[in-house]
Structures are given as C-alpha cells and as structure tokens.
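*Asks:* In the UniProt record's numbering, the protein residues as written are 1 to 650. Sharing a structure below in structure tokens format, with a few things to ask.
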C-alpha cells in the first residue's frame, strides 16, 4: 500500500437517494470514509441497495479503486394494515340461518414477517349487534350468529379493525341492509264487540270493529279480510286497516242462539300468510213467539162419580223464546158449561198444565162439555194462544134398574087376572124396567127368582114378557105370585126385584078375598072398605067383561093373555132420564091396558082384563109420561105409544 502522497487521497460514492459519504482524516495522514444514511429507507419500496464506492490516491498518475456496497434493508413495522374497501355494504335477508357467511373483509400490511401478519376484529358495535354477528380474526369472514329480524332492525352498521402484530391498526365500516321476508302473518285485533246482539236487529247493524296489522312491508303487508259464508255477517272496510262487522239479515234466536264468526286476514306475500280469529256472538232473545200447543185440541175421558181433584189430562205448550219470554203459564178461558162457570168444573195448574176435576161428575146430568185453555208467556208484552179441551164423561154402573111396571112395593098393589083357558106360550104380563145408565150398563135381563108354581110361568130374558110354559089346569093354584129380578149388564151388575101377582080366574065370583098382609095389623078397617069398594066396582064391570070374552069366543079366536106388553106407568114413577137400548128392557111395543082400582086403595088393588089390543109400538117408540087416572067407579086407560099419549075414558 502506498504511503505519503501516493496514499489514498479521496473517496467517492455513487450517487443515490439514501446514503452519503463522510470522509475523515486520521492522525497518520490517512483518510477514512463513513457511509451515512441521509434519507430513510423504505423496505416496502426497495428491499436491497447496491452502491459503488471509489477510492482515489494522490499519485501521479492517479490511481483509483472501487468497491460495491450491497445494502439489505431490514423490515421495520412502519406500515399499517390497509383494507381493500373503506366501507363494505351488504344486503341480508331476514331469517338468514345462523352460520351463514355475510362477507369476507380483507386488509394487507406491506411489512413482512410478523409485522405483516394482520388480524381482524369488530371495533364499534352495540351489544345487540355483537350477538348477531361474528368475525374470523384470521380470515376476516363475517357470519350470522343470531336471528335477523327485519321488523326489529332494518340496518346494521359496525366498524372492523385490522391490526398487525406490533399493534398498528386500521379500520373500515360495514353497513348491512336487512331485506324483508314475508315471515309475519297478519294480526287481528278486536277493538269493540256488541255482545249479545238483539235478534230483531235491523240488517246492517254493527256488531264489532276489528283492526288488522302486519309487521312486514310492501306487498307483504297488504291485507285482505273475510268471514265464512255460512253466517249472516259481513265485513265492511272502514279507515285504514279497520273493518266493521255488520249483520246481513234479520237474526232469529230460536233458530240460531249463537254464532261462531271466523274472521280471516290474508297478506299479499308469496306465499301469502293468513290469520284467523273466531268471535263467539250471542243472540239475545226478544219475545216474538207465542206459546204453541202440541195439539190444537185435546180430548179426555173421565168416569162419573170421580173424586174431586182427580187429574183429567195434561196440556203442554212450547215457547221457543228464552227465560221469562219462554215461561208458559196456563189458565182457563172464562166460559160457562150449562149456565155454570167452567171454573166450577175444572181447574188447571198454571205451571204444569195439569187439568183437575173440581167436583164429581154425573153422566146422567151431562155427558160432555168443552173448555178453552189459554197459554200465556211471561214476556213484555205477553203473547198467548188458545186451545180447546173436550171432556167426555164415561158412564159407570151407578144406577140400579128401576121398575116401571108393576108398581114398586109401597105403591098400589096390582093383581092381574089370567083366564083359565090360557094355553102354553101365552103372554100373561110384562115387567117393564129402565136403567138411567147407558151402554151395557143399561142392558137389562129378567129372571124369575121365586114363584108359586115354578114350572107354570117363564119370563123373556130381555123382553120381560111373562108367558105360560104349559096350559093352565084346574089343579093350578088360583093365586100365583112371582118375584122377578131385573139385572143390568154392568160390572158389577145391579139388580132390582118386583112382585107380580096373577089371579087365575074367569069371573069375579071365583075371586077369593085378597089382602096385603103387610097392612093387616095397622089398616084392617081400611082394608075392609077397600075390599067392599073393589067388589062393587068389579060387579059393575063384570057384565062388560063377560061380553068382551063372549065376543072373542064367538070369533073363535084363541084366548089371548091379559095384555100384550107394556103397562100404564104413572109419571111420578118415571126416572128423569134413562137410556133407550134395543133389547135392554126399555119399552119396544105398544100395549093398551084397562085398569080398575078401588078408590084410595093401597092394599088390595085389582086389574081386570077388558080387551086385547093388537097394536104394537114401533122400535123407535118411547114410553110417554102423560097418564090419566080415574078412581072409584072410573076406568083408567093407559096408552103407551111411540108418538102420542091418549087417555080414553069409558
């Protein structure tokens, strides 16, 4: 190495932007150079620098030498991470499932190594938002971690920070717009309800007001409302999202007492969502229905001689109205039955409609009657309806047969004469009885209970005609007494007996003295006078009787019985009313009788045959009450016919 003047004289550096040379003298006369950084380096712009250093000596000729300086720029954390965008905008549909990636943010750091490693995190966000989103620190991936609801938040804003290992950081902004999804069905709110509604409300009456709401937006919140077609109601739109529920026709509680009205609201989404609400509406009652009887008329039967208070029947009326409007009360319509107030015959339970007999009925007085029953509800004003009840009184066998002929005991004792020449089968007398009952209770039958000669006479079972069973002989007792029983056909049957006195004789001279033993003790004198009077009367008419018999014999006619059937019956012995039943013992034929009685006699009265009458009474004839009696020396002629009563004097 040269020294002195030939030693290194100067240094020079290739021109560059960053470095310069500082040349310094040393004590021994040498020089040295320092490479000084004049301008900071930037590794991110130039990682390596190559410079040529030239050293020149002082000799002559001057010589120089060069050296290459290679500078490697080491990294320093002088760069912050840089996001690709300062503001990220994302559109997110609501109800996006959790875990769905929204966006991936990216930031770069010019540094290398650890200084260039970037991590991500949220820098500014609310606690609520922090629950909905998360970010991957390494990748910058942002995902949904909660439930996104458009109706709660329509937009989310948050800051994102990118940081390198040395803590240098930068931020960016993310804006998330939430789009609506038709995920909310309409909501129906009942604002008012008139419950119950009167059944007589006019069509168009407002029943309820409803409000419909939908949290969605756009077409998703366009709502249509409807009710089912089976009810008499409809919805009328009012102000926005309000509807009025009104009636479409008159209501009838008796047909429909309540309604379940289903209101359906449907939005305009795709697919549409709908909501239903059911309103239970009651119809209040109005007294618009009168009571209606189950039958227009009732017929009831009750036996006579019933006990007062006996139940006849029960009437029933229905009123479809409610509570007091449908409560039915029963009463009798004021009326008269045979001139007497109906309330004296019947009474009715106002609550149950059971009809009772107030008193005992008698079939022989009246057989049926009619009353009206009114059913009235308890409404205001009350409504009513009428119904007819026909009461039929049925007969009971409560009347014994009544003997019209012969006269019952205690009256005049009558004895009938029977000619000795009477042949078998001849009619000698007739028992006449009636029964005030009706039907089979008035069907009478006759039988001989006791007789002087049991084999001599017989009686018709239903006619009451007494006939001979054989020819009368001389050995037969002149005085024949028969006890006849008249019995009805009721259950149990009732009967009455009477005594028939027959005298077998052709003239008065053969007649023995007759007495009524029942009066012998107390009326012996009266009996004597009666016998004398009777003998006189008999003598007076004896010739007339003989002539009549002779005339008949001359005509060679068969001797007839004393009479052909019915006998004279005083009007005092006739019952007030009796049944006329064919074959039941009532009078069916016409007979004439000539009766001869002693004046005032009560013990020994005789009846003698005066004539035989061929006339008969038609089947429809009845016994008449008008009679004429002549006492003493008078003759009583009783004509029983079906049309007129004739009284003939001798």
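Glycine residues also receive a C-beta, built at the ideal position from the N, C-alpha and C atoms.
Identify whether residue 245 lies in helix, strand or coil by the three-state DSSP scheme.
*Replies:* Of the three classes helix, strand and coil, the one that applies to residue 245 here is strand, per DSSP.
*Asks:* State yes or no: is the C-beta of residue 433 within less than 9 Å of the C-beta of residue 461?
*Replies:* No. Outside cutoff.
*Asks:* From the DSSP output, in three-state form, read off residue 237 for me.
*Replies:* Looking at residue 237 - three-state DSSP - the assignment turns out to be strand.
*Asks:* May I have the straight-line CA-CA distance separating residue 383 from residue 322, to the nearest angstrom?
*Replies:* So the two alpha carbons sit approximately 13 Å from each other.
*Asks:* Could you compute how far the alpha carbon of residue 245 sits from the alpha carbon of residue 98?
*Replies:* Taking the straight line from one Cα to the other gives about 43 Å.
*Asks:* Between residue 161 and the rest of its own chain, which residues show a CB-CB distance below 6 Å, the 5 nearest in sequence each way excluded?
*Replies:* So the qualifying residues of the chain are 121, 123, 169, 171.
*Asks:* Please identify the residue among 292, 74, 500 whose C-alpha is closest to the C-alpha of residue 431.
*Replies:* Answer by Cα proximity: 500.
*Asks:* Is it the case that the Cβ atoms of residue 227 and residue 261 are separated by a distance below 9 Å?
*Replies:* Yes.
*Asks:* DSSP three-state label for residue 574, please.
*Replies:* Low per-residue confidence applies at residue 574: pLDDT is 43, beneath 50, and the placement is therefore not dependable enough to give any value.
*Asks:* Would you identify the three-state DSSP class for residue 390, choosing helix, strand or coil?
*Replies:* In the structure shown, residue 390 sits in a strand (DSSP, three-state: E or B).
*Asks:* Tell me which residue opens and which closes the beta strand (DSSP E) that residue 467 is part of.
*Replies:* Residue 467 -> beta strand (DSSP E) spans 465-468.
*Asks:* Mind the definition here: the stretch 4-18 touches the stretch 47-58 only if three or more C-beta pairs lie below 8 Å; say whether that holds.
*Replies:* Result yes; three or more Cβ-Cβ pairs closer than 8 Å.
*Asks:* So, at 6 Å on beta carbons, what are the nonlocal neighbours of residue 231 in its own chain, with the 5 sequence-adjacent residues on each side left out?
*Replies:* Only 259, 261 meet the Cβ criterion.
*Asks:* Which two residues bound the contiguous beta strand (DSSP E) that contains residue 499?
*Replies:* Where residue 499 is concerned, the enclosing beta strand (DSSP E) stretches over 495-504.
*Asks:* Beta carbon of residue 134, beta carbon of residue 107: below 9 Å?
*Replies:* No. Outside cutoff.
*Asks:* Take residue 194 and list the residues in its own chain whose beta-carbon comes closer than 6 Å to its own, dropping the five residues that flank it on each side.
*Replies:* Excluding residues within five positions, the ones whose Cβ falls inside 6 Å are 207.
*Asks:* Taking C-alpha atoms, which residue in 77, 125, 189 lies nearest to residue 112?
*Replies:* Among 77, 125, 189, the Cα nearest to that of residue 112 is on 77.
*Asks:* What is the DSSP secondary structure of residue 284, reduced to helix, strand or coil?
*Replies:* DSSP places residue 284 in strand when its eight states are reduced to three.
*Asks:* In whole angstroms, what is the alpha-carbon distance linking residue 608 and residue 340?
*Replies:* Model confidence at residue 608 stands at a pLDDT of 38, short of 50, so the residue's coordinates are unreliable and nothing is read from them.
*Asks:* Please return the same chain residues whose Cβ sits closer than 8 Å to the Cβ of residue 343, not counting the five positions on each side in sequence.
*Replies:* These residues qualify, in order along the chain: 332, 334, 358.
*Asks:* Residues bridged to residue 163 by DSSP?
*Replies:* According to DSSP, which records beta bridges pairwise, residue 163 is partnered with 119, 169.
*Asks:* Have a look at the DSSP bridge pairing and note the partners of residue 318.
*Replies:* For residue 318, which the question treats as bridged, DSSP gives the partners 292.
*Asks:* Going by DSSP, which residues form a beta bridge with residue 193?
*Replies:* DSSP, once it has assigned bridges, lists 208 as partnering residue 193.
*Asks:* So, for residue 397: in the same chain, excluding its five sequence neighbours on each side, which residues have a beta-carbon less than 8 Å away from its beta-carbon?
*Replies:* Once the five neighbours on either side are set aside, the close Cβ partners of residue 397 are 437, 441, 488, 490, 491, 492, 493, 494.
*Asks:* Does the beta-carbon of residue 128 have 16 or more other beta-carbons within 10 angstroms, so that it is buried, or is it exposed?
*Replies:* With fewer than 16 Cβ atoms within 10 Å of its Cβ, residue 128 is classed as exposed.
*Asks:* Report buried or exposed for residue 301, applying the criterion of at least 16 other Cβ atoms within 10 angstroms of its Cβ.
*Replies:* The residue is exposed, with fewer than 16 neighbouring Cβ atoms inside 10 Å.
*Asks:* Decide if residue 177 is buried, meaning its Cβ has at least 16 other Cβ atoms within 10 Å, or exposed.
*Replies:* When all chains shown are included, residue 177 counts as exposed.
*Asks:* If you follow the beta strand (DSSP E) that residue 265 is in, where does it begin and where does it stop?
*Replies:* First-last of the beta strand (DSSP E) with residue 265: 258-266.
*Asks:* Could you give the C-beta distance for residue 275 and residue 187, rounded to a whole number, given that I count them as a contact under 8 Å?
*Replies:* The pair is a contact, with the Cβ atoms about 6 Å apart (cut-off 8 Å).
*Asks:* Pick from 449, 389, 417, 466: whose alpha carbon is nearest that of residue 426?
*Replies:* For the residues 449, 389, 417, 466, the minimum Cα distance to residue 426 belongs to 466.
*Asks:* Short of 6 Å in beta carbon distance, which residues of its chain neighbour residue 39, apart from the five on each side in sequence? Order them along the chain.
*Replies:* 17, 18.
*Asks:* Classify residue 318: buried if its beta carbon has 16 or more other beta carbons within 10 angstroms, exposed otherwise.
*Replies:* Classification of residue 318: exposed, given that the 10 Å Cβ count is below 16.
*Asks:* Any idea which residues DSSP pairs residue 158 with across the strands?
*Replies:* Looking at the DSSP assignment, residue 158 forms a beta bridge with 174.
*Asks:* Are the Cβ atoms of residue 235 and residue 263 separated by less than 9 Å?
*Replies:* A contact, by the Cβ cut-off of 9 Å.
*Asks:* By the three-class DSSP mapping on this structure, what secondary structure does residue 531 have?
*Replies:* Residue 531: helix per DSSP, three-state reduction.
*Asks:* What do you get for residue 541, buried or exposed, if any count of 16 or more other CB atoms within 10 angstroms of its CB means buried?
*Replies:* Flag for residue 541 reads buried.
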